[in-house]
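Residue 366 in the numbering used here sits at position 296 of the sequence shown; the count goes up by one each step and never skips.
Positions of the beta carbon are idealized from the N, C-alpha and C atoms, including for glycine.
Every value quoted in this text rests on a predicted model; they were computed, and no experiment measured them.
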Amino acid sequence: MKPFKIRNIDIDPPLILSPMAGVTDYTFRRLIKRRGGVGLVVSEFISVEGLSRGNPKSKRQMRFDEEERPYAVQIFGGQPERMVIGAEMAEEVGADILDVNCGCPAPKVVKNGGGSGLLKDPERLETILKDIKKAITIPLTLKVRTGFSESTINVVDIAKMAEQCGVEHIQVHGRTRDQGYKGLANWELIRQVKEAVSIPVSGNGDVTTIEYGLKKWREAGTDGILIGRGAMQNPWIFRQFADALAGREPYTPDLEEKKSVLLEFFEMCRGEMPELVALGKMKQLAGQFTKGLVGGAQFRQTLYHSHSADEILDNITIYFETLKQSDTFGDGVVEAEGSEESVMSCDAFTTAGALGATSGAHQT
Ligand SMILES: Cc1cc2nc3c(=O)[nH]c(=O)nc-3n(C[C@H](O)[C@H](O)[C@H](O)COP(=O)(O)O)c2cc1C
C-alpha cells in the first residue's frame, strides 16, 4: 500500500477520514488530522438544497482550515442543477476535491433522489456527474454503496459509468443501502470495482484495527482505505496504520495523551460552538473514545449526567487520575466489543438537521 494521487493531489498516506454527518465537522477533522497519518479529510455531507437556498448553516459546514488540506467537500442531493450549484460553491471556498454522496441510506435523502437513491437511477447520477464535471475544475470523486439492495447490486457498473463521466476516485462502502450498518462490509465487491476501473479506488467498512485494515486491503487491492467509526474510538488509528505501512512499531498513546486529546477536543468545541452544543459533542466523542477503557461505561455515565463544561472537565480529570493511580475505575470492567449501541448513522442528521442543514444536529 503506497501513496496515490487524485489527479495531482497526493493522498499520502493512502488513508482517508470517512465522512460522517454530525461527526466529521471542522473541529473533529482537525483533532484527527493533528494526530497524524491522515492523507485526506472529507466534510460531513452537505445538502445542496441548503446551499442553493443560501442556508447559512449549510455554508458554514464547508468551512475548513489550511491545516486540513487536502480537503474534500461532500455534497448530496438529487437535482442536477442544485448539485452543480453546490459543487461550484465548494470550488469557490477552496476545497481541493468535490465528492458526491451516493450512499446515504436515510429515507428522507433517498426519497428526494439523493444519496443511495442515485443507485436506483444511474441515468440521473450520470447527468449529475457530467454536469458537475463541466462546472468545476477541481477533481470530482464519488462515494458509493454496493447497491440499493442485495438483489440489485450494481456498484461495478456505477463505477465504470462514473469513470466515463470523468470521476477521478471512487470510494466504496461495501454494504448495500438496505443493509444500513448491519452485517459486515463486502470487500469482495470492492475488489471487483478495483479490477473494473483504472482510476484509484478506496475501500471502506469496519476497519477498527490495523490487522483488519491490512487484511482487507490485501484482499481487495485498493489504492486507499477509509476509516469512519474507528477514528472516534481511536483518534490515533491513522497514525498507527501509517506506522504499520512504513514498517514501524504502531504508536501507542499513554493515559496522559488520551486525556489530553479529550481536553483538546473540548477546548476546540468550546471555542467554536455554543456551550450546550459543545457538551453534546463532547459526550458523543467520549462515548466512543472510552470504549475498551477500564471503567469506560461508568465514566460515560458521569459524563452523560454532567450539565456544565466545568463538570465535564472535572470528571475527565478524576477519571484519568484514578486510572493512573490505581489502574482501575468504578467497577473496573472493560466492556466487550459491540456491547453498547453503536454510533448512529447519517440517518439521525436528516430529520431535523442535515437537510436544512446543521453541522451535526446533535440528536445523538
Ligand atoms: C454517524 C455517521 C454518519 C455518516 N455520515 C456520512 C456522510 O455524511 N457521508 C457519507 O458518505 N457517509 C457517511 N457515513 C458512512 C461512513 O462514511 C462510512 O462509509 C461507514 O461508516 C462505514 O465505514 P466505517 O465502518 O469505517 O465506519 C456515516 C456513518 C456514520 C456512522
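Quick check: does the Cβ of residue i come within less than 7 angstroms of any heavy atom belonging to ligand 1?
i: G298; result: yes
i: K213; result: yes
i: F120; result: Looking at the sequence itself, residue 120 is Gly, so the reference to Phe does not match. Not so, every heavy atom of ligand 1 lies at least 7 angstroms from the Cβ.
i: G17; result: Outside the modelled stretch of the chain, which goes from 71 to 434, sits residue 17, for which no answer is possible.
i: G273; result: no
i: G92; result: yes
i: Q144; result: yes
i: D248; result: no
i: P177; result: no
i: V226; result: no
i: H239; result: no
i: E327; result: no
i: S88; result: yes
i: E114; result: yes
i: H243; result: yes
i: V111; result: no
i: D313; result: no
i: V277; result: yes
Spatial neighbours of residue i within its chain, please: CB distance less than 8 angstroms, with the 5 preceding and 5 following residues excluded, ordered by chain position.
i: L333; result: L383, I386
i: F335; result: T97, F98, L101, K351, M352, L355
i: C172; result: G185, S186, L188, L189, L195, L212, K213, V214, R215, I228
i: F146; result: F115, I116, S117, V118, V170, N171, C174, V179, G184, G185
i: L325; result: F390, L393, K394
i: Y282; result: D276
i: E220; result: T246, D248, Q249
i: E233; result: I240, V267, S268, I269
Who are the near neighbours of residue i in its chain, counting only those whose CB is closer than 7 angstroms to its CB and skipping five residues on each side?
i: F150; result: It is worth fixing the name first, because residue 150 is Pro in this sequence and not Phe. Excluding residues within five positions, the ones whose Cβ falls inside 7 angstroms are T197, I198, D201.
i: R77; result: P209, E238
i: L349; result: A379, I382
i: F359; result: M302, Q303, L332
i: E411; result: Because E411 sits at a pLDDT of 45, beneath the cut-off of 50, its placement in the model cannot be relied upon, and the following sentence gives the value as read from the coordinates. Around E411: no qualifying Cβ.
i: T292; result: I260, K264, V271, S272, G273
i: A205; result: V154, A157, E158
i: L373; result: K353, A356, I382, N385
Once DSSP output is grouped into helix, strand and coil, what is the label at residue i?
i: K213; result: strand
i: L110; result: strand
i: D166; result: coil
i: D324; result: coil
i: F359; result: helix
i: Q241; result: strand
i: I472; result: Absent from the model: residue 472. The displayed extent of the chain is 71 to 434, so no value can be given.
i: K72; result: coil
i: G144; result: Note on identity: in this sequence residue 144 is Gln, with Gly being the wrong assignment. DSSP places Q144 in strand when its eight states are reduced to three.
i: C339; result: helix
i: S122; result: helix
i: V271; result: strand
i: L254; result: coil
i: D227; result: helix
i: E80; result: In the sequence under discussion, the amino acid at residue 80 is Asp, which differs from the Glu named in the question. In the structure shown, D80 sits in a strand (DSSP, three-state: E or B).
i: S117; result: strand
i: I86; result: strand
i: G92; result: coil
i: I206; result: coil
i: G184; result: coil
i: G294; result: strand
Only counting the same chain, and skipping five residues up and downstream in sequence, which positions put a Cβ closer than 6 angstroms to that of residue i?
i: Q262; result: V226
i: G236; result: K203
i: R105; result: P305, W306, R309
i: V163; result: M132
i: P175; result: S186, R247, G250
i: K140; result: Reading the sequence as shown, one finds Pro at residue 140 and not Lys. Excluding sequence neighbours, P140 sits near I79, L110, D166.
i: G366; result: T360
i: E161; result: I206, I208
i: D82; result: P73, G109
Taking 7 angstroms as the line, does the beta carbon of residue i fall inside it for any heavy atom of ligand 3?
i: N385; result: Only ligand 1 can be found as ligands here, which leaves ligand 3 out of the picture.
Handout entry: Stretch pair the stretch 302-321 + the stretch 374-383: three plus CB contacts closer than 8 angstroms
Key = no
Exercise for the section: State whether the stretch 276-290 contacts the stretch 298-311, with contact taken as three or more CB pairs (one from each stretch) at a distance under 8 angstroms. Expected result: yes
Exercise for the section: Answer yes if the stretch 247-255 comes into contact with the stretch 224-231, meaning at least three C-beta pairs across the two stretches below 8 angstroms, and no otherwise. Expected result: no
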